[in-house]
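Residue numbers (UniProt numbering), protein chains in the order written: chain A, 1 to 195; chain B, 1 to 195.
All C-beta atoms in this analysis are idealised placements derived from N, C-alpha and C, irrespective of residue type, glycine included.
It should be emphasised that the depicted structure is a prediction, and the values quoted were computed from it without experimental measurement.
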């Protein structure tokens, strides 16, 4: 209860290491979840990939389900995705997705495309996607059919992620980010309104 | 060499059964490939799902690789997807994808989103997607940057498939097909030109 939640450059080494380790465990679980069905992923596989012991994962996350419920969350990513005024949001979302692809080789939003492979956990992923991404965007829109328009704009964005990061389109990958923003953002913004 | 390739309503029962069985084997392989990595799928698993014996699969397809090379092809699907004049192609593609979702619960084009899970076979899937879908569409476009515009229009379409069929957006699934066509097709057509 006394641990501050803000970033602390001067945090003691022990606490900073714990944060790094947690992040590494989450990254390992996320990596495996993008490639295997949830039921097939063992704690040991996550531990091996993160370079820690299975008991350490249990210490930080309690059990496999609580670990994966964090991996299934979009909460940590959606703030940055939606961080722009509504009139500029289409351009911001397209640029944000493309920079994720070019700088980190992936975008957290794209995890939703693997939902069919995750069994019951796929339903959690879909429910989180709806409440944490679509509903949050819809709440910012004015005018009728905000929910539908939020889904269609996020869908348009996901399509760019698929053609860039999954189908790996040669033309789109050879094009400057800002040119793709110019070409693609109007379609996203048209659903958001205030174009 | 003497087997005609056209459909024959009057084909003898034996040949018609062979066609049905081939289709069932392909359907089983496609189903499994949308849920498991290629390396993890055994011929026996395909045979069990199709209700045939593994040797029968070998008789029809030679080996597992030739079977999966057919499963990885978009050739059989792209003709119907692109079967419209250029000026109406955006609406046609959106309607085609939505009817696939509402009538058959899936669209063959969406197989591309599982490419990351398929290892080397994923590269085949990507190469087929490029040559059989993107390049074929690009060849019909006029004006500059046809390849880039083909990728962006197909990407837009895939995004609708993801939000409808994978994220299972509640709003989009509660909306009439023709209303989604009205709202979404302009974004696809804008990339194709001749809007």
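> Just by C-beta distance, which residues in the segment 32 to 59 of chain B are closer than 9 Å to chain A?
Replying inline: 34, 35, 36, 37 and 40
> So, is residue 111(A) buried or exposed, given that buried needs 16 or more other C-beta atoms within 10 angstroms?
Replying inline: buried
>> I'd like the span of the alpha helix (DSSP H) that includes residue 164(B), first residue to last.
In response: Segment: none, residue 164(B) is in no alpha helix (DSSP H) and carries neither H nor E.
> Apart from the five residues just before and just after residue 191(B), which ones in its own chain have a Cβ nearer than 7 Å to its Cβ?
Replying inline: 149, 152, 153 and 156
> So, does the CB of residue 120(B) fall closer than 8 Å to a CB anywhere in chain A?
Replying inline: The C-beta of residue 120(B) comes no closer than 8 Å to any C-beta of chain A.
> Any idea what DSSP makes of residue 140(A), helix, strand or coil?
Replying inline: coil
>> Report the CB separation of residue 97(B) from residue 109(B) in whole angstroms; it is logged as a contact under 8 Å.
In response: That belief holds up - the Cβ atoms of residue 97(B) and residue 109(B) are roughly 7 Å apart, short of 8 Å.
>> Quick check: residue 46(A) and residue 18(A), are their CB atoms within less than 8 Å of each other?
In response: no
>> Is it buried or exposed, residue 116(A), if we count other Cβ atoms within 10 angstroms and call 16 or more buried?
In response: buried
> Where do the ends of the alpha helix (DSSP H) carrying residue 173(B) lie?
Replying inline: Unbroken alpha helix (DSSP H) run through residue 173(B): 170 to 173.
>> Just checking: is the beta-carbon of residue 170(B) within a distance shorter than 8 Å of some beta-carbon in chain C?
In response: Looking at the structure shown, chain C is missing, and the protein chains on hand are A and B.
> Should residue 159(B) be flagged as near chain A, meaning a C-beta pair shorter than 8 Å?
Replying inline: yes
>> I want to know whether the segment 169 to 180 of chain A touches the segment 175 to 187 of chain B - three or more CB-CB distances under 8 Å.
In response: Between the segment 169 to 180 of chain A and the segment 175 to 187 of chain B there are fewer than three inter-stretch CB-CB distances shorter than 8 Å, so the stretches are not counted as touching.
>> Cβ closer than 7 Å: which chain B residues qualify as neighbours of residue 156(A)?
In response: 156, 159 and 187
>> Any contact between the segment 68 to 84 of chain A and the segment 23 to 38 of chain A? By contact I mean 3 or more CB pairs, one from each, below 8 Å.
In response: yes
>> Distance cutoff 8 Å, beta carbons only. Does residue 112(B) sit that close to anything in chain A?
In response: yes
>> Could you check whether the Cβ of residue 148(B) sits closer than 8 Å to any Cβ belonging to chain A?
In response: At a cut-off of 8 Å between beta-carbon atoms, residue 148(B) makes contact with chain A.
>> Quick check: the Cα distance between residue 66(B) and residue 94(A), rounded to an integer number of angstroms?
In response: 39 Å
> In the segment 120 to 139 of chain B, which residues sit with their C-beta less than 8 Å from some C-beta in chain A, listed in chain order?
Replying inline: 126, 129, 130 and 134
> With a Cβ-Cβ cutoff of 8 Å, do residue 52(B) and residue 102(B) count as a contact?
Replying inline: no
>> Does residue 50(A) come out as helix, strand or coil in the three-state DSSP assignment?
In response: helix
> Terminal residues of the continuous alpha helix (DSSP H) containing residue 40(A)?
Replying inline: Where residue 40(A) is concerned, there is no enclosing alpha helix (DSSP H), given that its DSSP letter is neither H nor E.
>> Mapping the DSSP letters down to three states, classify residue 182(B) as helix, strand or coil.
In response: helix
> Shorter than 8 Å from the beta carbon of residue 175(A) to some beta carbon of chain B?
Replying inline: yes
>> Tell me which residues share the same chain as residue 187(B) and place their Cβ nearer than 6 Å to its Cβ, disregarding the 5 neighbours each side in the sequence.
In response: 156
> Going by the beta-carbon positions, is the gap between residue 140(A) and residue 78(A) smaller than 8 Å?
Replying inline: no
> Does any residue of chain A bring its CB to less than 8 Å from the CB of residue 27(B)?
Replying inline: no
> How long is the line joining the alpha carbons of residue 92(B) and residue 83(B), rounded to whole angstroms?
Replying inline: 8 Å
> Under 9 Å Cβ-Cβ, which residues of chain A neighbour residue 152(B)?
Replying inline: Here the neighbours are 159, 160, 163, 169, 171, 172, 180, 183, 184 and 187.
>> Can you check whether the C-beta of residue 144(A) is within less than 8 Å of a C-beta belonging to chain B?
In response: no
> In chain order, what residues of the same chain lie with their CB nearer than 6 Å to the CB of residue 124(A), ignoring the 5 residues before and after it?
Replying inline: 72
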